[in-house]
Amino acid sequence: MKTDVTTPQGIFGMPQHLTVPLYQRPYVWNEDEQWGPLWADIRRIAEHRLGSTGTLATHFLGAVVTQQADAHPVGVQEFLIVDGQQRLTTLQLVLDATAAAFAAHDLVAQMGQLQFLTHNSSMFVVADEPGLKLRHTNRDRVAFHEVMQAEPPIDYAVLSHRDSLIVRAHEFFHGRVTTWLDEGPESVPVRADALSVALQNALELVVIQLNANEDSQEIFETLNARGTPLTAADLIKNFVFQRLKLEGEDEERAYRELWPFESKFWEAEVSVGRYATTRSAVFLSQWLLSRVGKEISPRSTFTRFKFFVEHETTLSMVELLQLISEQAKTYQHLTERAADAYADLSRLELHMYRMGVAQVEITKPVVLWLTEPGAGYSQPVVDQVIGMVESWIIRRRLLRLQSSDLGRIAADLISVGRGVAEPELTEAVERFLTGQQYASTYWPGDAEVTSVLATEHFYRRFSQPMQRLLLQAAEDWYRGYTSPGASRTGIRVARDKQQVEHLLPRGWRTNWPVDGAADEADRDDHVHRLGNLTLLTGSLNASVSNSAWLGEGGKRAAMRRHDVFLMNRVVVDRSSEGWDELLIDERTAELTKALLDTWPVPDGHQGKVIDRSSLLSKATASYAHLIEAGLLDVGAVLVCADDRWPDARCEVLAGGKVFYEGKTYSSPAAAARVVRGGKSGNAWYFWRVENGPWLNALREQLLGAQGEGDRSVAQD
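Sequential numbering from 8 applies to the sequence shown in the numbering used here.
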């Protein structure tokens, strides 16, 4: 066995095959838990290198275990990946996606540096081999080979395995790198150099390399199943009481009276991104961030806390522990109050409830900063600041914008606001948030949210808890709870688990028929929109779910007799002649206004962005965008531009769907695959408008018009 601390350059620098064995589990990493945090770490390192004049930052990725395979008479050396295939696969995807982004910017040298780490030189490639240094032998093999060998610029939409996590990871990192290259003050080549060096030399791993005759299973079990790792709270606790002893304090009294974390509440395990740890460890990380105003990795909480104690505070350890204990009690009180579905919550408590449902932790350091002893901020000012921060979070969530940069912005906000006097604080926070102008951080304005929600398939895009949260906010709006208005009813809707119901049912064909494929597609397109959703009690939901609208046994009559929500009273009053697409559109607009009033932006704020990711691209433009821009009409006939299928034709339906040979398909691309007999291809060149242009020509027209018009359509 040989153990080394090395970098991607050290792992992938030689000609080799790193093989993922057949029995290894498939690739499971995702954006929220792994890709986003990893990109945040990579970005941080690259930016540190751009601005650093001293020690350069590194980031530890963890450990991997490889084992030398039996030697073959020809070819390069093979190593089996015993442990760490998720890490190594992701590293390869990051390197290749970055190389593709470099290629799009004509950065040939930087592209070649990274391709050297992902692809073996042709002199080492046996015929019919893919040439990749890392090889999958399980079900991820085909998707991995496809995306890693795709020629840039990559059109992810036409890849046959575009829905696999492998391809989605590649697309995620490609998009983030492309955006990052273009958003800084330095030139693109300078930023590319910093990123290339960071990827090659600043990511560290422990590599345990086994000989061919060593027992890999025993090593694997030892690494993964034995021992309980210490949390940040455990390490900090040990450090705190050692310092108390050095300062001559009564350790037992301090533990009994000041250490707050010996309870089920604090010992409960919670997840933050890709990490699961105790609530006490999460709190200490958030508390530390609230004091220093800088991002802190969960794995560096202890070392950063130690540095803070030794170099950044003049408080004694007992004074610091008193402060931590007091804020921990406030944190616990807010958290437990937020969990009470029927309590009359304060603005801060309501914020904690909403962020809990949204699974957002980044605002908690802001809460700790605003409420820390001695800060001197009045409750109205705290409420105003929290209201702005919450609006920034929720509006970005409504547009399904990326969240990986939000932790950095929350830290920067604390850094900007700490020490600002109360009379200037709200203005300083407003100026900071409205000044965010990149797609990864900006505060969306009313027009963009209204435009997106007008046609968004709301039910499919958000989790049930998030749908319920937003509809509860709308119900509160009907009850007079605007920001900062006062309620006309005096009580918010209970925050329990009401049912989210479709007014026009998903099974509408039973009792709500329409004539023609176009009308059916339009109804399908409306059924999941915001205006067609409401809250009902569970028992009422079951009784009316798929009923017709009108009549004594219909859904409207049942809602009139039994339901108590004001949002449904409005629906009943306006639908005496039926419930249809026009009323859904009207209600979508009204509910959107409710959400915008609940989470407002300052007067005149438009939320425009200045980087390329705010615009549509070939990768993100959809057929529905052509319809929305008036470039493609619903009802238009598309004909095949490929001479092999001269008779293929389809009709354009609402939402970018098409009607082909008696069936509705989700897009022209889906219909094209049927025409081709199941084979994938680029549908933008497969179809053209009858007696008109190719779809690709319309896409180019869309992208050209967008660039000239200074639009700010944000994409997820």
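The beta-carbon is built from N, C-alpha and C at its ideal position, and this holds for glycine as well.
- Straight through space, the alpha carbons of Gln506 and Ala525 are spaced by roughly 30 angstroms.
- A direct Cα-to-Cα measurement between Ser552 and Pro520 gives close to 16 angstroms.
- DSSP places Ala70 in the uninterrupted beta strand (DSSP E) bounded by His66 to Gln75.
- In the DSSP assignment, the residues bridged to Arg656 are Val646.
- Only exposed fits Tyr349, as fewer than 16 other CB atoms lie within 10 angstroms of its CB.
- Residues Cys647 of the same chain have their beta carbon placed closer than 8 angstroms to that of Asp654, with the five preceding and five following residues left out of the count.
- In the pairwise beta carbon analysis, the segment 83-90 is classified as touching the segment 18-37: at least three pairs are separated by under 8 angstroms.
- Around the beta carbon of Met130, fewer than 16 other beta carbons lie within 10 angstroms, which makes this residue exposed.
- Rounded to whole angstroms, the gap between the alpha carbons of Phe151 and Gln249 is 50 angstroms.
- Here the segment 293-300 makes contact with the segment 371-382; the two share three or more CB pairs at distances below 8 angstroms.
- Here Trp450 is not near Leu460, since their CB atoms are 9 angstroms or more apart.
- Around the beta carbon of Glu317, a 10 Å sphere encloses fewer than 16 other beta carbons of the protein chains shown; the residue is thus reported as exposed.
- Between Arg311 and Ile303, the alpha-carbon positions lie close to 8 angstroms from each other.
- Arg402 places its beta carbon 9 angstroms or farther from that of Val367.
- The beta carbon of Asn37 sits closer than 7 angstroms to the beta carbons of Leu172 from its chain, once the five residues preceding and following it are set aside; these are given in chain order.
- When DSSP states are grouped into helix, strand and coil, His24 belongs to the strand group.
- Collapsing the DSSP output to three states places His177 in a helix.
- Straight-line measurement puts the Cα of Glu326 at about 16 angstroms from the Cα of Glu259.
- Leaving aside the five residues that flank Trp691 on each side, the residues in its chain whose CB is nearer than 8 angstroms to its CB run, in chain order, Trp701, Leu702, Asn703 and Arg706.
- Residue environment for Gln386: exposed (fewer than 16 other C-beta atoms within 10 angstroms of its C-beta).
- Ranked by Cα distance from Leu188, the options Val396, Gly182 and Arg198 are led by Arg198.
- In the structure shown, the three-state DSSP call for Ala283 is strand.
- Burial check for Lys140: the Cβ neighbour count within 10 Å reaches 16 or more, so the residue is buried.
- Counting along the chain, no alpha helix (DSSP H) covers Gln613, and no H or E run does either.
- Counting every other CB atom within 10 Å of its CB across the protein chains shown gives Asn539 a total of 16 or more, marking it as buried.
- In this structure the segment 87-95 does not touch the segment 106-121; the number of beta carbon pairs closer than 8 angstroms is below three.
- In this structure, the alpha-carbon of Asp48 lies about 28 angstroms from that of Ile331.
- The secondary-structure analysis by DSSP pairs Tyr672 across a beta bridge with Val665.
- Glu276 has Thr285 as its beta-bridge partners, per DSSP.
- Contact holds between the segment 498-518 and the segment 341-356, because three or more Cβ pairs, one in each stretch, are under 8 angstroms apart.
- The alpha helix (DSSP H) runs of length 4 or more contained entirely in the segment 414-501 are, from start to end of the chain, 429-441, 453-462, 465-468 and 471-485.
- When DSSP states are grouped into helix, strand and coil, Asp257 belongs to the coil group.
- Residues of the same chain with a CB within less than 6 angstroms of the CB of Ala76, apart from the 5 flanking positions on each side, are Glu85 and Leu87 in chain order.
- Note that the segment 91-101 touches the segment 175-183; at least 3 beta-carbon pairs, one per stretch, sit closer than 8 angstroms.
- Counting the other CB atoms within 10 Å of its CB gives Ala661 a total of 16 or more, which places it among the buried residues.
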